[in-house]
Amino acid sequence: SWQGHGHTYYRVRGPDTDAWTVNECLYMDGDQPFEAIVRERGEDGVLIELVNDYRSSKHAVWGISARNREQNFALNLLMDPEIDFVSLLGTAGTGKTLLALAAGLSQVLDQNRFREIIMTRVTVPVGEDIGFLPGTEEEKMTPWMGALMDNLEVLTQTEGGEWGRAATDDLLRSRIRIHSLNFMRGRTFLNKYIILDEAQNLTAKQMKTLITRAGPGTKIVCLGNVAQIDTPYLTETTSGLTYVVDRFKNWPHGGHITLLRGERSRLADFASEIL
């Protein structure tokens, strides 16, 4: 093993390593548990890097700590400047939106890595188009952005009382733009952190339209749950989300995590299992 840029690296050889792909997350339980990510494959074995531990509060991202192993891997991918595309799959309450937002805010406001966060999603119910709704594009999208508002509330629980919370809220909202997918066509996004929520409702073609809009310095994070598709003609196998996860598998600048554990409440967990 050796150290470099504040990380610990290992070169691993053996029959098990043949199946590992770049940016695959590995873990081992036992007396000496470890969590690592595959960085590159070569003639002389596989290079793995130990991941940061975002479970401890001193490494919290915008006040959010990972609550389980998958969330920790997700935060490592979201905070990695070398990874331009991240897909997070998971049922309701696994923390997808919260982790993506916390990592985005940290990189926009603390590290100045991106200029702003863009949130978008497909507006599936109530007709295809948001044209008939009154107001600006952001106002039209607000009914569909409940998840964003709920998570912002969690992220603005500051110590400064009502005034501090209002000030933080205004600051965050000034750096978060809400766009509908229809408005994203023909544009190029530079130095943006784009969160695509409910990505399972996109077709493969819509997914391509969006991802090819990414200019230099832009990161795209796709969130979704293939068990919850609202688009009438899409299935788990034809969803654009399934398509991109598969296509980006061996690309060194893409990563994918499936979040397994709900962290909402015992009621939500039980409902997910039995209903």
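Okay, so the sequence shown: first residue is 450 according to the working numbering, each after it adds one. From the three backbone atoms N, C-alpha and C, an ideal C-beta is built for every residue, glycine too.
Query	Result
With threonine 727 as the anchor, note down where its beta strand (DSSP E) starts and where it stops.	Nothing can be reported for residue 727, as the shown portion of the chain is limited to 450 through 724.
Measuring alpha carbon to alpha carbon, tell me which residue in Gln677, Ala468 and Ser506 is nearest asparagine 650.	Gln677
Just the Cα atoms here: how many angstroms apart are arginine 564 and leucine 526?	19 angstroms
In angstroms with no decimal places, state the Cα-to-Cα distance between alanine 663 and threonine 569.	14 angstroms
Could you please give the first and the last residue of the uninterrupted beta strand (DSSP E) stretch that includes aspartate 646?	641-646
Curious, which full-length beta strand (DSSP E) runs of at least 3 residues does the region 470-540 contain?	474-477, 483-491, 494-499 and 534-539
Report yes if the C-beta distance between glycine 673 and serine 688 is below 9 angstroms; otherwise report no.	yes
Taking the alpha carbon of threonine 470 as the point to measure from, which residue in His705, Ala653 and Ala717 has its own alpha carbon closest?	His705
Hey, would you say leucine 659 sits closer than 9 angstroms to methionine 633, going by beta carbons?	yes
Leucine 558 and leucine 620 - do their beta-carbons sit closer together than 9 angstroms?	yes
Any idea what DSSP makes of glycine 689, helix, strand or coil?	helix
Could you tell me the alpha carbon to alpha carbon distance between isoleucine 644 and aspartate 480, rounded to whole angstroms?	38 angstroms
Thinking just about the alpha-carbon of each residue, which of Gly463, Asn501, Asn472 and Thr546 is nearest to the one in valine 427?	No answer is possible for residue 427: it lies beyond the span of the chain, which begins at 450 and ends at 724.
Which residues bound the beta strand (DSSP E) around threonine 457?	456-461
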